[in-house]
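A.B. asks:
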Amino acid sequence: MPEERLDLPQGTLDLLILKALSLGPQHGWAISERLHQVSRATLQVPQGSLYPALHRLERRGWISARWDTSDNNRKAKYYELTKSGRRQLEDEAEDWRRLSAAVELVLAMR
Amino acid sequence: MISELLSDLKYRFRALFRRGEMEHELDDEMRFHLEREAEKYQAAGMSPEEAHRRARVVFGGVDVVKEESRDAWGLSYLESIMQDLRYAIRALRRNPGFTVGVMVTLALGIGANTAMFSVVDRLLFRSPPLLRDPDQVHRIYFASMDRGTEDARSGTEYTRYLDMRRWTSDFSDLAAFSVRGLAVGVGNDTREGQVATISASLFDLFDAKPVVGRFFTAQEDTVPVGAMVAVLGYGYWQTNYGGRSDVLGQSIEVGSTKYTIIGVAPRNFIAFSEEGAPAVFVPITAYAGTFRAGPQLTNYYTRYNWSWLEILARRKPGITLVQAEADLSRAYRLSWDNEQSLQHTLPPAEIARPHAIAAPVQTERGPNQSRLAKVATWVSSVAAIVLLIACANVANLMLARSIRRRREIAVRLALGVSKGRLVRQLLTESLLLATAGGALGLIVGHWGGALIRALVLPDHGAGHTLSDHRTLGFALAISLGAGIITGMAPIFQVRRTDLSDSLKAGVREGGSRRTRARTGLLLLQAVLSVVLLVGAGLFVRSLRNVEAVRLGYDVDPILYIYPNTRSLKLSDDAAEATRRQLVETARSLPGVESAALGLTVPFWDTWTEELFVTGIDSVGRLGSFTIQGVSPEYFATMGTRILRGRGITAEDRKGTPLVAVLSQAMATTLWPGQEALGRCLRMNSDTMPCVTVVGIAENIKQNSITEDPGLHYYLPIEQFHPEAAVVFARVKGIAAGQAESLRRQLQPLMPGDSYLTVTPMHEIVDPNVRSWQLGATMFLVFGGLALVLSGIGLYSVVAYDVAQRTHELGVRIALGASVSDVIRVVVGDGLRFILIGILFGGGLALWAGRWIQPLLYAVSPRDPVVFGVVAGVLLFAAGLASLLPALRASRVDPTVALRTE
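Rendered as structure tokens:
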């Protein structure tokens, strides 16, 4: 395990969840694993805080949930991106890119 | 955006009402997560215990996650509302007197409005059940100039209906419709029922499918005689056939004709009937084609002499009302020309200026709105004023309460409760009160509405307030409105609350004087009460004037007996003999004082013939002269007085000289300022023999109690249609209770399947008095309600003042003021107040009087007696309302009052 791990900036967890779900329906644990692996274990996603975030997104109608049987034959709650969730992901991703590009520019200042 | 809001709301509600289920799911979800995480560590070689412990550490605190999830569910917002509700309930229960007072006040206001709504909605707004797109469907009226005034009628001829079908193009459906009271059934089961004779096209206006069988088609509704088929009304089918489907193919006797049952109409289908659900629907051409006027079949589809039906039409999509009326008027003009070519006495179109009107389906929204509907509309605005007064009262109580709670509110603000939250809390309270008041009001409205409907719409059948969604919706809407209005006042108070002042001030300074808002509300109540009471007074006087009108005949002891011959074809002689037998038998019955033959009955039908008088160019232009055929006992039986000359006697028979008795109005219209006795009338043609005027009778009312020219004359029945006579009986005491026994005793005289209907004269006259009764009763009830509410309002304000001024009054008494001084101060305050209210209210009532004038009778809207009495009543009520607190004030013990500070 690498020593250096980053806490998530405020509000980016939603973006990451939406992105993780854009690849297909997943249950909570799998989302957490995927974020962990894809970020090469750099991002510190507190596993517990994933669930309130998922529920908030569900309430906003960006993701939908259903119970299904998981790969090892147990009941698990699967989340899936909705149409408006997909739009939201695009918007948020764009915002993020513009923000990080701007921050990048400022940091590149001489 | 909208869909997101909806999903949000759905989710929140699920969280609120399915809380347990959501918690359970969250537990399952977290357990699954922890198990998978633990499996991962076990796969990496940890022991099961170690793996589970590790999974929990990485996951974080389960309780924190649960707490945050609940936040994410959006429960906190809803929970704060529940909190407000609980808080409000607690606060209201602490103050039961206030709570009950407010609830009852609002219940009266809301109940009054709900009751009136249930009436006005049925009169003016509700369209017949199952009618598709009611906005596109119109009742057609035909207007033309008649003797200088325009007159619009919805009743018309079948020929006209065919003309309109032929010559209009802007309508997708045109239907003809008429409800007839006819005998329905066979033998002992025969009952007089409502029979809807309708064109086949009428079904197309509705979204109605037969529950059994089918409706009739255009091929079965053709001139000259349509198919003898009948569709049963749902209710009739249920009661008389037990809802069996084997009715199809059975025959049913309607009027004097046999029909074959081909279907049953759906529940609620009443076509356009305003007399409740018809028993049977038959093709209009089947009825008209077999209808006999005397011995002849009518030429109902080529001539314009039988006006008996109404036309309803649906505009084509995209056609405006203006276009539709132009289209109709064009067709009517062609139809008029056609009629004029057949009947030359009809004035040409250039003079009559015929045009058609496409009005809403509801007759009361058409050009001939009844006085009753107008009064009902007025009364419902009066109900709205009562609600306004109730709201003012409640707002006043709320204000008083919030002034008392000023310190509590200030403390809560100081403790960091946001003003917004506080406002929400106060609003929750007033909405809760209003909803509770509304629920109570529904009960008031249910009973009240049933009473008023019985008075106004006796024919519309019972409608249940509590199961009618329109009325329920209305009650809910005004309850919420009342809640918001009454909640406004305390809210302003909160927004103005200045923390440090309120906290520093003692209880006494918390609101020692009444605020401007409270004064304004009180004044408003007084003004509105004056206006309502003046209205009540005017209507009561009108009603008394109407009831005092001499009709020209007695009402209470009279029964009207109508022989219905049905399919029986009697010769004129036989018909006459039957009638003579009826009147003679009736006369011999115990309880009957006298009986007589007549021809028509006031308010229900009239008979006219063309008249010719030497020296008068056109008698018809002077007005419409109606005929009553009478036997000699008629005047004594009815109580109509002979003023001069003689009445009709037994000597006036067939073959003796023709004679007539004229109403006084007719005599002075024909021969103003001259002697009418001995003059000569000729009927139908100026070459006919002379009918000599032998007597003058008092005027009678037969069309309208208040405006009736009373141009009426009497002919001996033996000289004028004895075969069509009806019977009037004068009984001892009130006639209503004796109608049925009389019918039973006379019925055996009726040959074949003919039968008698016996109607108390009261039932015939009453509907004409109803609008004044409604106005007087409802204005009086609502005016009284307003007075009581305002009295309570004044009382509560004065009482509150007195409580606040205990200290001051104590000082006065200590300084030597007498009991009467104190009473004078307090009562004087209240009276001053009401005097201002009387002045403003009186002014308002004077100003508004001109609108109500057309609904009054023989009383000026500025009637000084009414205004005087109202002022007196109000002063008395105000005196009473302030005397009670004044007496309490006068008993203030100065030592106690001064020590409490």
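Taken in order, these protein sequences are the chains called A and B. My numbering puts the last residue of the first sequence at 110; the count rises by one with no breaks. My numbering puts the last residue of the second sequence at 1901; the count rises by one with no breaks. C-beta: ideal position from N, C-alpha, C; glycine also.
1) What would DSSP say about S1529 (chain B), mapped onto helix, strand or coil?
2) Over what stretch of residues does the beta strand (DSSP E) that includes R1406 (chain B) continue unbroken?
3) Counting along the chain, where does the alpha helix (DSSP H) carrying R1093 (chain B) start and finish?
4) Quickly, what does DSSP pair D1146 (chain B) with across the bridge? List them, please.
5) Using a Cβ-Cβ cutoff of less than 8 Å, which residues in the same chain neighbour L1205 (chain B) once the five nearest sequence positions on both sides are dropped?
6) Would Y51 (chain A) and A65 (chain A) qualify as a contact pair, given that the criterion is a beta-carbon distance under 8 Å?
7) Under 7 Å Cβ to Cβ from P1348 (chain B), same chain only, skipping five residues before and after it: list those, please.
8) Excluding sequence positions up to five away, which residues of its chain have a Cβ less than 7 Å from the Cβ of M1638 (chain B)?
9) Count the other CB atoms, across all protein chains shown, that sit within 10 Å of the CB of K1701 (chain B); report buried if there are 16 or more and exposed otherwise.
10) Pull out every residue of the stretch 1802-1835 of chain B whose Cβ sits closer than 8 Å to any Cβ of chain A, in chain order.
11) Let me know if E1150 (chain B) comes out buried or exposed under the rule of 16 or more other beta-carbons within 10 Å of its beta-carbon.
12) With 16 other CB atoms within 10 Å as the buried threshold, where does I1351 (chain B) fall?
13) Starting from Y1236 (chain B), trace the alpha helix (DSSP H) in both directions and tell me its first and last residue.
14) At 7 Å on the CB atoms, spell out the chain B contacts of G28 (chain A), in chain order.
15) Name, going along the chain, the residues of the stretch 35-47 of chain A whose beta-carbon falls closer than 8 Å to a beta-carbon of chain B.
16) Could you check the C-alpha separation between S1685 (chain B) and P1748 (chain B) for me, to the nearest Å?
17) Going by DSSP, name the residue or residues bridged to K77 (chain A).
18) Quick one: which chain E residues come within Cβ less than 9 Å of A1072 (chain B)?
19) Quick check on I1357 (chain B): buried or exposed, where buried means 16 or more other Cβ atoms within 10 Å of its Cβ?
20) I'd like to know if E1037 (chain B) contacts chain A, where contact means its C-beta is closer than 8 Å to some C-beta of that chain.
21) Under 7 Å Cβ-Cβ, which residues of chain B neighbour A76 (chain A)?
22) For a test of the three-state rule: what should DSSP assign to Y1141 (chain B), helix, strand or coil?
23) Residues in the stretch 1058-1086 of chain B with C-beta within 8 Å of chain A's C-beta atoms, listed in sequence order?
24) Just mark Y1077 (chain B) as buried or exposed, buried being the case when its beta carbon has 16 or more other beta carbons within 10 Å.
25) Three-state secondary structure (DSSP) at A1046 (chain B)?
26) For A1462 (chain B), does the count of other Cβ atoms within 10 angstroms reach 16, so buried, or fall short, so exposed?
27) Inspect the beta-carbon positions of V1104 (chain B) and S1380 (chain B) and report whether they are closer than 8 Å.
28) Measure from the C-beta of E1004 (chain B) to each C-beta in chain A and report whether the shortest distance is under 8 Å.
29) So R1153 (chain B) packs on P1360 (chain B), CB below 8 Å; how close in whole Å?
30) State the DSSP-derived secondary structure class of V1057 (chain B), mapped to helix, strand or coil.
31) Between the alpha carbons of R1508 (chain B) and G1837 (chain B), how many angstroms are there, rounded?
32) Does the distance from the CB of H27 (chain A) to the CB of W1073 (chain B) come in under 8 Å?
33) If the cut is a Cβ gap below 7 Å, which residues of chain A does E1050 (chain B) touch?
34) DSSP state of K83 (chain A), grouped into three classes?
35) Against Y1011 (chain B), what residues of chain A qualify as contacts under a CB-to-CB distance less than 9 Å, listed in chain order?
36) Can you confirm whether S1479 (chain B), when its beta carbon is compared against all beta carbons of chain A, has any partner nearer than 8 Å?
C.D. replies: From the atom records:
1) helix
2) Element bounds for R1406 (chain B): not the beta strand (DSSP E) but the alpha helix (DSSP H), R1406 to A1414.
3) L1075 to R1093
4) B:T1149
5) L1131, R1132, V1137, D1173, A1175, L1312 and R1314
6) no
7) Q1340
8) Y1553, D1554, I1558 and F1728
9) buried
10) none
11) exposed
12) exposed
13) Y1234 to Y1241
14) E1029 and H1033
15) P46 and Q47
16) 41 Å
17) A:W67
18) Any reference to chain E falls outside this structure, whose protein chains are A and B.
19) buried
20) yes
21) F1032
22) strand
23) V1058, F1059, G1060, G1061, V1062, V1064, V1065, E1068, S1069, D1071, A1072, W1073 and G1074
24) exposed
25) One point to set straight first is that residue 1046 (chain B) is Met, not Ala, in the sequence displayed. Residue state, collapsed to three classes: coil.
26) Here the model assigns A1462 (chain B) a pLDDT of 49, short of 50, so the residue's position is not dependable, and the following value carries that caveat. Per the 10 Å Cβ criterion, exposed.
27) no
28) yes
29) Contact flag wrong, Cβ pair sits at about 16 Å.
30) helix
31) Residue placement at R1508 (chain B) is poorly supported in this model, since its pLDDT is 47, which falls under 50; the coordinates still yield a value, given next. R1508 (chain B) and G1837 (chain B): Cα-Cα distance of roughly 29 Å.
32) no
33) The premise fails here: E1050 (chain B) is roughly 16 Å from chain A at the closest Cβ pair, so nothing lies under 7 Å.
34) helix
35) H55, E58, R59, R60 and G61
36) no
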